[in-house]
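Shown next, in structure tokens, is the structure this report addresses.
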Amino acid sequence: MNKKRVLILCTGNSARSQMAEGLLRHDAGDRFDVESAGTTASFVRPEAVAAMKEVGIDIAGQRSKNVSEFEGQKFDYLITVCDNAREACPVFFGAAEKLHRSFEDPAAVEGSGEQRMAVFRRVRDELQEYLKDFASTRS
Numbered sequence: 197m198n199k200k201r202v203l204i205l206c207t208g209n210s211a212r213s214q215m216a217e218g219l220l221r222h223d224a225g226d227r228f229d230v231e232s233a234g235t236t237a238s239f240v241r242p243e244a245v246a247a248m249k250e251v252g253i254d255i256a257g258q259r260s261k262n263v264s265e266f267e268g269q270k271f272d273y274l275i276t277v278c279d280n281a282r283e284a285c286p287v288f289f290g291a292a293e294k295l296h297r298s299f300e301d302p303a304a305v306e307g308s309g310e311q312r313m314a315v316f317r318r319v320r321d322e323l324q325e326y327l328k329d330f331a332s333t334r335s
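Written out as structure tokens, the structure reads:
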């Protein structure tokens, strides 16, 4: 069986798209080849790594990538997880089915470390529910 290719796109590829990549790969990696990227690459947030580790998924080895790294590649699905990425979404993904749902940016939340981690956990859980629904309706 050929795996469907999925690209998850966000602004900085530092939190939401990184967590989504890890979640979808963990939960449905047998059916999907998953990548993530940002319209502007930055770095993987340590809070994202920690939030994922809490649910048994290690994304410490993932790196932030610019969407231009995937130019010319074919994807079956392009999932944007923030409004900015949807608006800036490159046109070079052609026939990919484009899906969008905006999630709060946990990297932009201010407050104590615990307050920030609470948002990372909530967004992680919201992403997981969204991606479970995505995977259950796609083959």
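The sequence shown begins at 197 in this note's numbering and counts up one residue at a time. We treat Cβ as the ideally placed atom computed from N, Cα and C, and that holds for glycine. From a predicted model like this one, the values you see are computed outputs, not experimental measurements.
Note down, in chain order, each residue of its chain lying with its Cβ closer than 6 angstroms to the Cβ of G160, except the 5 sequence neighbours on either side.
Nothing can be reported for residue 160: it is not among the residues displayed for the chain, which extend from 197 to 335.
Would you be able to state if there are at least three C-beta pairs under 8 angstroms between the segment 239 to 248 and the segment 203 to 218?
yes
Can you check whether the CB of K200 is closer than 8 angstroms to the CB of R227?
Stepping through the sequence shown from its first residue, residue 227 is reached at position 31. Stepping through the sequence shown from its first residue, residue 200 is reached at position 4. Going by C-beta atoms, R227 is nearer than 8 angstroms to K200.
Of all the alpha helix (DSSP H) runs that stay within the bounds of the segment 207 to 279, which reach a length of 4 or more residues?
212 to 224, 242 to 249
Ordered along the chain, which non-local residues of its own chain (more than five positions away) have a Cβ less than 8 angstroms from that of G234?
Stepping through the sequence shown from its first residue, residue 234 is reached at position 38. The residues are L205, C206, T207, G208, N209, S210, S213, S260, K261, N262, V263, A281.
Tell whether a beta-carbon distance below 8 angstroms holds between V315 and E300.
The residue you call residue 315 lines up with position 119 of the sequence shown. The residue you call residue 300 lines up with position 104 of the sequence shown. In contact: V315 and E300 (Cβ atoms closer than 8 angstroms).
Spatial neighbours of S332 within its chain, please: CB distance less than 8 angstroms, with the 5 preceding and 5 following residues excluded, ordered by chain position.
Here residue 332 refers to the residue found at position 136 of the sequence shown. Contacts found: none.
List the endpoints of the continuous alpha helix (DSSP H) containing K328.
Numbered from 1 along the sequence shown, position 132 holds the residue referred to as residue 328. Unbroken alpha helix (DSSP H) run through K328: 309 to 332.
With the cut-off set at 8 angstroms, would you say L203 and L274 are in Cβ contact?
Counting from 1 along the sequence shown, the entry for residue 203 is found at position 7. Counting from 1 along the sequence shown, the entry for residue 274 is found at position 78. Contact flag set, yes.
Helix, strand or coil for E283, going by three-state DSSP, please let me know.
What you label residue 283 is simply residue 87 of the sequence shown in a count that begins at 1. DSSP places E283 in helix when its eight states are reduced to three.
Judging by CA-CA distance, which residue of Q258, F330, E250 is the nearest neighbour of A237?
Here residue 237 corresponds to residue number 41 of the sequence shown, with the count starting at 1. Taking only the C-alpha atoms, the option nearest A237 is Q258.
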